[in-house]
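Protein chains in written order, with the working numbering: chain A, 583 to 831; chain B, 579 to 850. In this text, a Cβ means the ideal position worked out from N, Cα and C, and glycines have one as well. Quantities reported herein were computed from a predicted structural model and do not represent experimental measurements. Working notes for the structure below.
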C-alpha cells in the first residue's frame, strides 16, 4: 500500500506565552501524494515556513501529527529520505562547495564513492562546476541558492522540501531553479515548496495549498482553483480578502 | 557506528572551518608574539628568571586558549543558530547530541592545535632564557612535567569549552551564554580556594556554617585550579603520572556530563 509522501493532520502551533501568545498554525491538515509537485502559497507571515520547520522537526507542534513517507515526525528517523532547502541557505563560509556537499553526503550516511560520483554531477547540473573548490563565503546569492539545491539533492531523496526557493533571485537564477524543479518532477520526486511568487506556482505545481494567518484556506488542484477566478493572482487575492473580511466580522 | 561517523565528520568540518577563520590566526599570532615577549619580560627580573620564563610561557598559552574558547568557539556555535546553519546539519539524520559532541570535538581540535603551536613557541623562548641564564634553571626542572602541565592547560580549556556549550544550549542570546561561560570559568578558577577557606576557617565571614553548600557547589562547578600546574613545571615540583591520569579522567567525565546535559537542554530549544 502506498502512503502519502507528506501527511499533516490537525496541526496546531503557537509561539510565546500569556498575552504575547501568537497562534501560528490552526488545525492545519494536508496530504501530498508521492510524485506530486505541491505549491504552498500564502502571504508573508502566513505560516509557510513554520509548517516546513515542523515537518523537519526543528519545531515541536502543540498538537496534531506529521508523517513523511509513512514515518512519524519526531518519533522515527525519516531525514535520509528528504532533501531540504531553506529560504536563506547559509553555509559554513570557509568550506568549499565540494567540502559542503561532502559533509552533507557523509551525514546522510552515503559512502565516499557515491558522494564523489554525485558531487561533480550535481555541481555541473547547477552550473557550479567552476566553483567546486571555491569557498562558499565568496558565492553570490544565486550561487548559494543553487548550492543549496545541490545540497538538498546530494543523497538523492524521494521528497524535496524547498522554502521560498526563488526568493531574492534574478530572472536567470529563477529560471534555472524552475527548470530544475521541472526536471525533478520528471524524475518522479515529490516536491513540496512554499512561495508567494504566483507565476512560479502556476508554472510548476500539480496541486496547491493556500494558507493565511495560520489557517488553510484552500487545498486542491491548481486547475480547480483557477476555474473560479480570473487568473491565479486575482483568485488568490480574492480568497485572502474573503478570509480577512470573515475574521473581521 | 553511523553516530560516531557523524560526530567525526562534524568535528572535522568544524575544525576545518575554524582553522580557516582569520580570527584564529590573529589570536595565535598575537599569542606567539606574547610568548616571545617572554624574552623581554624575564629580563625585568633579577632572580628566578627560569621560573618566571616557564610561568609566563604557560600563562600565555592559557590566556590565548581562553580567548579562543570565548570568542572563536562561542562565535562558531552562535553563528550556527543565528545564521540558521544548524538547519544544514539537522535536516540530515543527525541527533542534537551528535551535533553538540561533533562541534565540541572540532573546537577541541582547534584548541589542541593552538596549544601545540603556542606551546612550541613558549618552549623556544624558554629554552633561550634557560640557555642564556643557566644559573637560573629551576632545580629538578623537567621538560616532561612541562608537557604534562601544557596538556593540563588544554584539558582545562576543554572543560571550559564544555561549560560554554552547556551555557549555549539553554541561553536565549549568545551574549548571555558568553557571560555565563565567563562566570563559570571565574568560579571554577576560585572554587578550590573558596572550599578550603570555608572548610579550614570557622571565621569565613558570610559563608561560615555553610560548609555543605560550598562542598555541593564545588561538586557542581568545574574545579579548574586542579589543572593549573604552572607552579609544578616552574618550580620543579612533583607531578605524578597517577595525578595526571586522574586529571584526564576528571576532565573527560566532567565534560561528558556537561555535554549530556547540553543535549537534553538543547532538545527543548525551538529552532525557529
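In terms of DSSP beta bridges, what is residue i paired with?
| i | result |
| --- | --- |
| residue 589 of chain A | A:613, A:649 |
| residue 597 of chain A | A:604 |
| residue 756 of chain B | None, per the DSSP bridge assignment. |
| residue 654 of chain A | A:649 |
| residue 717 of chain A | A:678 |
| residue 623 of chain A | A:777, A:792 |
| residue 665 of chain A | A:742 |
With 8 Å as the threshold, decide whether the Cβ of residue i is near any Cβ in chain A.
| i | result |
| --- | --- |
| residue 705 of chain B | no |
| residue 642 of chain B | no |
| residue 748 of chain B | no |
| residue 841 of chain B | no |
| residue 780 of chain B | no |
| residue 645 of chain B | no |
| residue 584 of chain B | yes |
| residue 751 of chain B | no |
| residue 591 of chain B | yes |
| residue 665 of chain B | yes |
| residue 678 of chain B | no |
| residue 606 of chain B | no |
When the Cα atoms are used, what is the spatial distance from residue i to residue j?
| i | j | result |
| --- | --- | --- |
| residue 741 of chain A | residue 784 of chain A | 20 Å |
| residue 672 of chain A | residue 717 of chain A | 13 Å |
| residue 754 of chain B | residue 747 of chain B | 11 Å |
| residue 808 of chain A | residue 771 of chain A | 25 Å |
| residue 768 of chain B | residue 818 of chain B | 23 Å |
| residue 688 of chain A | residue 619 of chain B | 49 Å |
| residue 645 of chain A | residue 636 of chain A | 11 Å |
| residue 680 of chain B | residue 617 of chain B | 39 Å |
| residue 750 of chain A | residue 758 of chain A | 13 Å |
| residue 662 of chain B | residue 629 of chain B | 48 Å |
| residue 531 of chain B | residue 646 of chain B | Given a span of 579 to 850 for chain B in the structure shown, any question on residue 531 of chain B remains unanswerable. |
Is it true that the CB of residue j sits closer than 8 Å to the CB of residue i?
| i | j | result |
| --- | --- | --- |
| residue 786 of chain A | residue 764 of chain A | yes |
| residue 643 of chain B | residue 731 of chain B | yes |
| residue 622 of chain A | residue 776 of chain A | yes |
| residue 715 of chain B | residue 811 of chain B | no |
| residue 667 of chain A | residue 731 of chain A | yes |
| residue 836 of chain B | residue 760 of chain B | no |
| residue 663 of chain A | residue 651 of chain A | yes |
| residue 585 of chain B | residue 676 of chain B | yes |
| residue 737 of chain B | residue 829 of chain B | yes |
| residue 620 of chain A | residue 779 of chain A | no |
| residue 788 of chain B | residue 775 of chain B | no |
| residue 784 of chain B | residue 696 of chain B | no |
Quick check: is the beta carbon of residue i nearer than 8 Å to any beta carbon in chain B?
| i | result |
| --- | --- |
| residue 610 of chain A | no |
| residue 677 of chain A | yes |
| residue 642 of chain A | yes |
| residue 661 of chain A | yes |
| residue 746 of chain A | no |
| residue 601 of chain A | no |
| residue 740 of chain A | no |
Ignoring anything shorter than 3 residues or poking outside the stretch 758-839 of chain B, list the beta strand (DSSP E) runs there in chain order. Runs of the beta strand (DSSP E) inside the stretch 758-839 of chain B: none found.
Could you give the uninterrupted runs of the alpha helix (DSSP H) lying entirely in the stretch 742-805 of chain A, keeping only those of 4 residues or more? Segments of the alpha helix (DSSP H) lying fully in the stretch 742-805 of chain A: 753-768, 780-786.
Contiguous alpha helix (DSSP H) assignments of at least 4 residues, all confined to the stretch 605-659 of chain B: Runs found: 616-620, 627-645.
Can you check the stretch 677-711 of chain A for any beta strand (DSSP E) of at least 3 residues that lies completely inside it and give the ranges in chain order? Listed in chain order, nothing qualifies, since the stretch 677-711 of chain A has no complete beta strand (DSSP E) run of 3 or more residues.
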